[in-house]
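Some notes on the structure that comes next.
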Amino acid sequence: MSWWRNASIYQVYLRSFADGNGDGIGDIAGLRDRLQHIAGLGFDAIWLNPWYPSPLADGGYDVADYRDIEPVFGSLADAEKLIADAHELGIRIIIDLVPNHCSDQHPWFRDGLWDRFHIRDTEELPNDWKSRFGGPAWSRLADGRWYLHLYAAEQPDFNWENPVVHEEFEDILRFWLDRGVDGFRIDVADGLVKDFGKPDAEQPYSDQDGVHDIYRRWRQIVDSYDGDRILVGEMWLPDPERFARYLRPDEMHSAFNFDFLCCPWNAGELKRVVDSTLAAHEPVGAPPTWVLSNHDVTRHVTRYGREKTGFSFADRQHGAPTDFELGTRRARAAIMLTAALPGGVYVYQGEELGLWEVEDLPDELREDPVWHRSGFTDRGRDGCRVPLPWSAQDGPSWLPQPENWQDFSVAAQTDDPGSMLSLYRRVFELRRGIAGDLEWLDLGEDVLAFKRGGLTCVVNLSDEPIGLPSTPALSSVPLVDGKLPSDAAAWIS
Ligand code: NOJ
Ligand code: CA
Numbered sequence: 001m002s003w004w005r006n007a008s009i010y011q012v013y014l015r016s017f018a019d020g021n022g023d024g025i026g027d028i029a030g031l032r033d034r035l036q037h038i039a040g041l042g043f044d045a046i047w048l049n050p051w052y053p054s055p056l057a058d059g060g061y062d063v064a065d066y067r068d069i070e071p072v073f074g075s076l077a078d079a080e081k082l083i084a085d086a087h088e089l090g091i092r093i094i095i096d097l098v099p100n101h102c103s104d105q106h107p108w109f110r111d112g113l114w115d116r117f118h119i120r121d122t123e124e125l126p127n128d129w130k131s132r133f134g135g136p137a138w139s140r141l142a143d144g145r146w147y148l149h150l151y152a153a154e155q156p157d158f159n160w161e162n163p164v165v166h167e168e169f170e171d172i173l174r175f176w177l178d179r180g181v182d183g184f185r186i187d188v189a190d191g192l193v194k195d196f197g198k199p200d201a202e203q204p205y206s207d208q209d210g211v212h213d214i215y216r217r218w219r220q221i222v223d224s225y226d227g228d229r230i231l232v233g234e235m236w237l238p239d240p241e242r243f244a245r246y247l248r249p250d251e252m253h254s255a256f257n258f259d260f261l262c263c264p265w266n267a268g269e270l271k272r273v274v275d276s277t278l279a280a281h282e283p284v285g286a287p288p289t290w291v292l293s294n295h296d297v298t299r300h301v302t303r304y305g306r307e308k309t310g311f312s313f314a315d316r317q318h319g320a321p322t323d324f325e326l327g328t329r330r331a332r333a334a335i336m337l338t339a340a341l342p343g344g345v346y347v348y349q350g351e352e353l354g355l356w357e358v359e360d361l362p363d364e365l366r367e368d369p370v371w372h373r374s375g376f377t378d379r380g381r382d383g384c385r386v387p388l389p390w391s392a393q394d395g396p397s398w399l400p401q402p403e404n405w406q407d408f409s410v411a412a413q414t415d416d417p418g419s420m421l422s423l424y425r426r427v428f429e430l431r432r433g434i435a436g437d438l439e440w441l442d443l444g445e446d447v448l449a450f451k452r453g454g455l456t457c458v459v460n461l462s463d464e465p466i467g468l469p470s471t472p473a474l475s476s477v478p479l480v481d482g483k484l485p486s487d488a489a490a491w492i493s
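This is how it looks when you write it as structure tokens:
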């Protein structure tokens, strides 16, 4: 079976993973030093957020040069060494490709090659489209004309009606494939093709039919290389059937399942999302994926400790009362649920330490453009991007860590059998032996229970402890009088 069909993938937000040179910013050298952390947890691959030269107006999703490395992170030679080191440890490398937009510092934009962007010469705003970070999706060039940006003003959208843009990205794919990367995570994969005749309400910049031709072509390129390399799509789409179209056999290999990430901590709703995910993927033959957190959303320890446990960009619940003990307990159960499901699993760096959303960052340190573009109403995503604590000796970092993160550092958790880190290690070790289709079991209301081959996974979301069919091989918390307490999970083999 192809590796990506059931891969465990660890997401590295390079800037906040490990700092190799002591300037407070994570870098490739730091990641190379810490690869053993990821290998030791049993991951098959790393997905790296953008590492290209960038003014970092949007954490690197504003790319100034697609064929080089941001100097703060290292050099192209460092990237090649990282790929080699990772391969030696049996870990594949997936990089982030950002084809919807670039940086306003990209040479095409700086040199005024306007046919490669969406430019309009009108008095008023060309249409009513909104930036996803707030405000209008159009800003003015120095000459008064408008350019389109679905995100920050520093991120002009490419014009995919121009064949030069297609050629450029096909060449960029080859550039990195030649350097040994095992795949690409495609940013805003649904957004490249636009229908300018329609109003914002119809989302005419998302999921237009023409976008699929691009991925058919990319698939041919990726397939022409040896070694089972992949395309992973980032699409936030409301309709699972439309979503699955991107995963037809001649398009992408897999995509992030955000329905699962957004789902509240509720047995009925989780079961519904699992079923609808499996049903949508089955006809196209693609493996589902399961994601709890990433660099754009409120960390799930925090979400699960709140009254509203689901996630929505429209209301991040910043500062809502949070019971961290409860959130942590549920996060332990959630990873056992996630890792038992069929398909791929993504873990966002720091989840394995039980890190929470840092909500008390001083506002003046916030870098996420969402904060200013929302007119200072949405505090954005910095709180899930605070650098990881490795030990009590960590130096200062570009976003400050909460003081008690020392107690949650890798060093502090490594030898503690009750730590989140120890649980993740065990879960991802055992996950390698799980195979087979999912078959639901009925263990009562508010209990998720299913079998996959020889494994039975039970998650108790009810208020009462429940009896188990037999003694588990692993449980997220100790059993009480032989029963599985609420907000806990067990694996029985
Ligand atoms: C999705 C990325 O995950 C997010 O961090 C970024 O801001 C937008 N795409 C725009 O590139
Ligand atoms: Ca550094």
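For the sequence shown, UniProt numbering begins at 1 and goes up steadily by one. The beta-carbon is built from N, C-alpha and C at its ideal position, and this holds for glycine as well.
Residue i: CB within 8 Å of a non-hydrogen atom of ligand 1
i: ASN460; result: no
i: GLY59; result: yes
i: HIS118; result: no
i: ASP296; result: yes
i: GLU357; result: no
i: ARG381; result: yes
i: ASN100; result: yes
i: GLU251; result: no
i: GLN155; result: yes
i: GLU70; result: no
i: TYR151; result: yes
i: GLU364; result: no
i: GLU367; result: no
Cα-Cα separation between residue i and residue j, rounded to whole angstroms
i: LEU461; j: VAL447; result: 6 Å
i: residue 505; j: ASP323; result: Since the displayed the chain opens at 1 and closes at 493, residue 505 lies outside it and no answer follows.
i: residue 497; j: TYR424; result: Here the chain has residues from 1 to 493 only, and residue 497 is not among them.
i: VAL98; j: PRO50; result: 8 Å
i: PHE408; j: GLY20; result: 20 Å
i: ASP171; j: LEU270; result: 41 Å
i: GLY375; j: PHE133; result: 10 Å
i: ARG329; j: GLY482; result: 18 Å
i: TRP390; j: PHE184; result: 28 Å
i: VAL274; j: ILE119; result: 42 Å
i: SER224; j: ASP85; result: 24 Å
i: PHE258; j: ASP239; result: 11 Å
i: GLY383; j: VAL370; result: 12 Å
i: ALA18; j: GLY467; result: 43 Å
i: ARG379; j: VAL458; result: 36 Å
i: ASN404; j: GLU154; result: 36 Å
i: ILE214; j: PRO469; result: 50 Å
i: ASP363; j: TYR246; result: 39 Å
i: ALA334; j: VAL164; result: 45 Å
i: PRO6; j: GLU357; result: Checking the sequence shown, residue 6 turns out to be Asn, not Pro. Their backbone Cα atoms lie some 28 Å apart in a straight line.
i: ASP190; j: VAL345; result: 21 Å
i: residue 525; j: THR277; result: Here the chain comprises residues numbered 1 to 493, so residue 525 is not present and cannot be evaluated.
i: GLU80; j: ASN294; result: 25 Å
i: GLY444; j: PRO264; result: 19 Å
i: ASP121; j: HIS281; result: 43 Å
i: GLU123; j: TRP4; result: 50 Å
i: LEU41; j: VAL477; result: 20 Å
i: ARG116; j: GLU202; result: 24 Å
i: TYR52; j: GLY59; result: 11 Å
i: GLY395; j: ARG299; result: 23 Å
Beta carbon of residue i nearer than 9 Å to that of residue j
i: GLU167; j: HIS212; result: no
i: PHE450; j: GLU464; result: no
i: residue 531; j: GLU351; result: Residue 531 lies beyond the range of the chain shown here (1 to 493); nothing can be said about it.
i: TYR151; j: SER139; result: no
i: GLN349; j: LEU399; result: no
i: PRO402; j: PRO342; result: no
i: HIS101; j: ASP68; result: no
i: TYR66; j: VAL347; result: no
i: VAL193; j: MET235; result: no
i: THR302; j: GLU359; result: yes
i: LEU177; j: ARG219; result: no
i: SER2; j: PRO55; result: no
i: LEU365; j: ARG426; result: no
i: GLN208; j: ASP200; result: no
i: LEU35; j: LEU113; result: no
Distance cut-off 8 Å: residue i Cβ against heavy atoms of ligand 3
i: VAL188; result: Absence of ligand 3 from the depicted structure is noted, with ligand 1 and ligand 2 being the only ligands included.
Test: residue i CB closer than 9 Å to a CB of chain D
i: SER276; result: Among the chains of the structure shown, chain D does not appear; only one protein chain is present.
For this session: Could you name the residues whose beta carbon sits closer than 5 Å to any heavy atom belonging to ligand 2, keeping them in chain order?
Result: Listed by position along the chain, the residues with Cβ atoms less than 5 Å from a non-hydrogen atom of ligand 2 are ASP19, ASN21, ASP23, ILE25 and ASP27.
Exercise. Of all the alpha helix (DSSP H) runs that stay within the bounds of the segment 216 to 252, which reach a length of 4 or more residues?
Worked result: Within the segment 216 to 252, the complete alpha helix (DSSP H) runs of at least 4 residues are 240 to 244.
For this session: Note down, one range per segment and in chain order, each alpha helix (DSSP H) of at least 4 residues found wholly within the segment 104 to 186.
Result: Counting only runs of 4 or more, we get 107 to 110 and 163 to 178.
Exercise. Curious, which full-length beta strand (DSSP E) runs of at least 3 residues does the segment 8 to 68 contain?
Worked result: As for any beta strand (DSSP E) of minimum length 3 sitting wholly inside the segment 8 to 68, the runs are 8 to 12 and 45 to 48, ordered along the chain.
For this session: Just list the beta strand (DSSP E) runs in the segment 328 to 370, keeping only unbroken ones of 3 residues or longer that don't cross its boundaries, in chain order.
Result: 344 to 348, all fully within the segment 328 to 370.
Exercise. Whole alpha helix (DSSP H) runs in the segment 390 to 423 with 4 or more residues, listed along the chain?
Worked result: Listed in chain order, the alpha helix (DSSP H) elements of length 4 or more contained wholly in the segment 390 to 423 are 410 to 414.
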